[in-house]
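Okay, so here's the structure we're looking at.
2 protein chains.
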Amino acid sequence: MLAEIITIGDEILIGQIIDTNSAFMGKELNKIGVDVYQITSIKDDKQHILNALEEASKRVDVVLITGGLGPTKDDITKHTICEYFKDTLVQNKQVLVHIEKLFEKYISTPISEINKQQALVPSTCTVLMNQHGTAPGMWLEKENTVFISMPGVPYEMKGLMKNEVLPRIQNRFDRPYILHKTILTYGMGESAIAEKIENWEDNLPAYIKLAYLPNLGNVRLRLSARGRDNKILEDTIEREVIKLKEIIGDVIVGYEEDQTIEVRIGELLTKKGKTLSVAESCTGGKIAESFITNAGASSYFMGGIVAYATQSKIDVLGVDPKVIKLYTVTSEEVAKAMALKAKEKFGSDYAISTTGNAGPSKGDGDVEAGTIFIGIATPTTVFSKKYIFGNLREQNIGRAVNKSLELLLGELL
Amino acid sequence: MLAEIITIGDEILIGQIIDTNSAFMGKELNKIGVDVYQITSIKDDKQHILNALEEASKRVDVVLITGGLGPTKDDITKHTICEYFKDTLVQNKQVLVHIEKLFEKYISTPISEINKQQALVPSTCTVLMNQHGTAPGMWLEKENTVFISMPGVPYEMKGLMKNEVLPRIQNRFDRPYILHKTILTYGMGESAIAEKIENWEDNLPAYIKLAYLPNLGNVRLRLSARGRDNKILEDTIEREVIKLKEIIGDVIVGYEEDQTIEVRIGELLTKKGKTLSVAESCTGGKIAESFITNAGASSYFMGGIVAYATQSKIDVLGVDPKVIKLYTVTSEEVAKAMALKAKEKFGSDYAISTTGNAGPSKGDGDVEAGTIFIGIATPTTVFSKKYIFGNLREQNIGRAVNKSLELLLGELL
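What follows is the structure, encoded as structure tokens:
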């Protein structure tokens with residue numbers, strides 16, 4: 000049971016947008032046992048689309064196509080699919096009524112001819128209603144290959160996937176189980192881990208695959224199992240993880256199924272009835288944002304202060320200027336003071352702070368680019384740690400965010 | 000002059016990571032006149048890699064490959080490329096010395112056999128030194144197609160692209176000029192714009208292509224010109240934009256070359272010698288973060304308060320609880336008070352604030368999910384605007400960030 004994702008649109012190829020749709024589709028398909036074999040991103044070009052459809056049909060059982068369904072001239076996917084299926088476009092009443100309703104509710108301008116054309120679909124297709132937009136999804140079949148076309152607008156595609164595409168694929172195809180378990184390690188390099196676990200890795204059952212995913216200072220080990228019996232997969236993965244813990248248990252900091260570290264922190268805080276606040280300098284709001292992105296954050300996340308300028312650490316956060324003078328603004332002492340002040344201001348139980356220089360050049364402080372201090376305040380204590388990263392700004396910010404979440408998680412466990 | 004990007008790694012196909020590398024490469028290649036024809040993401044599977052290389056060689060002049068160069072067993076790219084070129088691996092002294100240096104400087108553990116194997120490269124390849132990691136880049140040629148293999152770790156790939164790959168491609172190939180100009184519009188739908196500019200669009204020269212890029216409440220129009228004479232391209236684009244302004248000038252809010260709206264705001268603030276702070280509720284630090292991501296933010300960005308819980312709007316930000324009681328926490332008045340308080344606390348000239356309910360369910364306030372108020376304080380005034388988005392959380396947060404930046408940009412222009 001193989002799938003291919005084809006994303007259509009010049010904006011992806013010239014790097015104007017990052018293709019986040021494919022990752023979403025890959026993850027959702029994987030959950031229901033569909034193996035994504037290839038992702039192909041191509042231009043808004045008729046011949047190129049026709050070639051890609053034909054090649055994909057030889058490789059896989061299901062082809063998911065996104066993009067090129069807008070109402071404007073540069074959107075040619077629908078006409079090209081229609082040509083590929085040697086079909087003609089016909090007006091779909093249900094879609095037309097839906098478009099009229101959307102215009103009535105959200106759009107003040109009258110509905111135009113261009114908008115009405117969004118209700119045209121290939122005559123042999125099954126229409127998949129798009130709750131969030133005017134372009135419908137389309138389901139077509141040719142010689143045992145299913146082709147599904149969806150708009151490229153992420154929330155429209157996501158709605159269609161959840162409400163229409165995934166349930167229909169589950170109905171239509173017999174699928175194996177696919178299980179992943181990701182083990183988070185911290186403090187040991189990829190190759191050092193590989194050497195330590197070589198023997199274990201060589202003895203894994205054939206239906207379990209191991210991948211190393213190094214990322215900003217830590218290595219994740221992903222076990223993927225595939226088979227017909229879910230129970231066997233679960234048991235085997237559990238057994239292998241126990242064996243692995245015996246070998247490198249000292250560097251394993253957690254597990255990740257489909258859960259980010261901030262979601263895990265949120266769950267732990269909610270369970271304990273505790274709250275969190277943050278005081279960020281060099282990470283500039285990224286830690287706060289990583290929590291607030293998740294619905295339900297309001298039950299544990301109180302807020303944060305982005306004290307970017309040194310003066311704002313004094314005026315807004317309330318750090319004692321003497322501490323800054325004595326130790327400099329990028330120091331363990333200031334990181335600790337920031338965490339304590341955030342805790343105090345927001346009346347939270349825990350607090351995270353960051354201060355440092357994300358690079359690439361020297362800032363307010365006197366430390367080298369890439370030097371970052373992270374402070375953690377808990378109900379009973381406060382501490383801070385110093386990290387020296389490289390001189391790549393984005394990278395350093397990401398690393399500092401990851402490290403701070405890891406440190407807090409460590410305290411909560 | 001066509002290129003194809005092949006990214007190798009199961010983690011992309013199962014959606015564990017989002018492929019940001021391709022967007023970076025696409026953008027950089029485009030800048031030097033290389034047209035990315037296709038992006039193909041495939042598994043760590045020997046036959047699949049061999050097929051992808053062979054197919055790409057028929058389509059394009061340059062194939063850029065990322066991923067699968069790590070030191071562990073799941074990384075098979077190097078051996079597979081070697082097989083494709085019917086070559087053998089030999090040890091490269093320069094790479095070995097580089098690996099030894101990296102270990103000496105950054106890694107406490109002794110260098111192992113696995114690490115040393117990173118210095119093995121196909122005998123016929125040109126080695127591209129990787130400043131940020133142990134796996135070198137490799138440049139190989141076969142029947143007039145160039146194959147370039149790079150690690151998948153983003154900052155390693157970026158370093159290699161900038162220092163080695165792009166200069167070599169510029170040397171090796173004769174390329175046309177490619178120019179893009181993106182026009183930002185606000186307040187009119189995609190189809191309404193299309194109808195208004197239909198005649199203009201139909202009369203564009205053949206070497207200019209128009210694309211519509213709708214995104215969270217605004218539509219960007221991208222003009223792409225390709226040709227041998229840079230001057231002609233520039234002049235024609237300028238002329239066409241003037242014509243376009245005559246038709247839809249009232250909804251054009253700006254232009255984007257390779258610049259985000261926050262970079263533009265930063266430049267304008269720096270030029271005026273003015274500063275900015277933010278007070279965020281539902282956007283949770285995302286506005287602050289969008290500024291701080293850019294180096295140099297410290298010259299204009301003072302900081303921000305993420306006042307997520309209602310109580311923190313009073314305790315930390317200092318909003319008068321009477322105002323909250325009288326108008327509710329999600330109201331124009333509270334948005335204005337938040338912006339003014341941020342301006343006061345941080346001593347900045349401008350301030351942005353957000354308060355609302357990002358959804359999907361009702362929060363502290365009493366407004367429907369998707370209702371967001373944005374406040375803007377300037378040196379002389381303060382105002383706020385109400386927006387009603389949908390019920391998709393991520394989407395609403397993104398829209399609120401975009402709108403707030405647009406509103407501030409409007410004030411600065």
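As they're listed, the protein sequences go chains A and B. For the first sequence, numbering that gives the first Met the number 0 assigns the number 0 to the initial residue and increments by one for each residue that follows. For the second sequence, numbering that gives the first Met the number 0 assigns the number 0 to the initial residue and increments by one for each residue that follows. Note that the Cβ used here is the ideal one computed from N, Cα and C, for glycine as well.
Here B:Ala51 carries a helix assignment [DSSP, helix/strand/coil].
Distance from the CA of A:Leu220 to the CA of A:Glu266, rounded to the nearest whole angstrom, comes to 23 Å. Listed in chain order, the alpha helix (DSSP H) elements of length 4 or more contained wholly in the region 83-127 of chain B are 92-105 and 112-115. Per DSSP, the unbroken beta strand (DSSP E) holding A:Gln37 starts and ends at Asp34 to Ile41. Apart from sequence neighbours up to five positions away, the residues of its chain that approach A:Arg225 with a beta-carbon distance below 6 Å are Pro175, Ile177 and Tyr206, ordered along the chain. Note that the C-beta distance between B:Gly66 and B:Ile16 is not below 8 Å. One finds Lys72 in chain A with Cβ atoms closer than 8 Å to the Cβ of B:Glu200, taken in chain order. DSSP places A:Asn129 outside both helix and strand once states are collapsed to three, so it counts as coil. Not a single CB atom of chain A sits nearer than 8 Å to the CB of B:Gln90.
When C-alpha distances from B:Ala308 are compared across A:Pro150, A:Ile291 and A:Val315, the shortest belongs to A:Ile291. Separation of B:Ile351 and A:Asp86 (C-alpha to C-alpha, rounded to the nearest whole angstrom) is 52 Å. With contacts defined by Cβ atoms closer than 8 Å, A:Val89 and A:Leu119 form a contacting pair. A:Thr79 and A:Gln46 have their C-alpha atoms roughly 9 Å apart. Contact residues of the region 206-232 of chain B toward chain A are Lys208, Leu209, Ala210, Tyr211, Leu212, Pro213, Asn214, Arg219, Arg221 and Ser223 (C-beta to C-beta distance below 9 Å). Contact check for B:Asp314 against B:Ala336 fails: the beta carbons are separated by 8 Å or more. Distance from the CA atom of B:Asp249 to the CA atom of A:Ile110, rounded to whole angstroms, is 21 Å. In the structure shown, A:Ile168 falls within a helical segment according to DSSP collapsed to helix, strand and coil. Around the beta-carbon of A:Thr353, 16 or more other beta-carbon atoms lie within 10 Å, marking it buried. A straight line joining the alpha-carbon of A:Gly302 with that of B:Thr181 spans about 36 Å. Going by C-alpha positions, A:Lys195 is about 12 Å away from B:Thr71. From the beta-carbon of A:Met301, the residues of chain B found nearer than 7 Å are Tyr307, Ala308 and Ser311. Spatial neighbours of A:Gly186 in its own chain (CB-CB distance under 7 Å, excluding positions within 5 residues in sequence) are listed in chain order as Val250.
Chain B places a beta carbon closer than 8 Å to that of A:Phe23, counting this residue as a contact. Rounded to the nearest angstrom, the gap between the Cα atoms of B:Pro378 and B:Asp348 is 5 Å. For B:Ile7, the beta-bridge partners assigned by DSSP are B:Ile41.
A:Ser330 does not reach chain B, its nearest Cβ partner there being about 18 Å away, counting only Cβ pairs nearer than 7 Å.
In this model, A:Pro135 and B:Leu212 are separated by some 18 Å (Cα to Cα). Here B:Ile286 is buried, its C-beta having at least 16 other C-beta atoms within 10 Å. At a beta-carbon threshold of 7 Å, none of the residues of chain B lie near A:Thr370; the nearest stands roughly 15 Å away. Residue burial is scored here from C-beta neighbours: B:Asp234 has fewer than 16 other C-beta atoms within 10 angstroms and is therefore classed as exposed. The Cβ of A:Thr292 sits closer than 8 Å to at least one Cβ of chain B. Using a CB distance below 7 Å, no part of the region 43-60 of chain B faces chain A. Check the Cα spacing between B:Ile192 and each of B:Val152, B:Gly14 and B:Ile247: the tightest is with B:Ile247.
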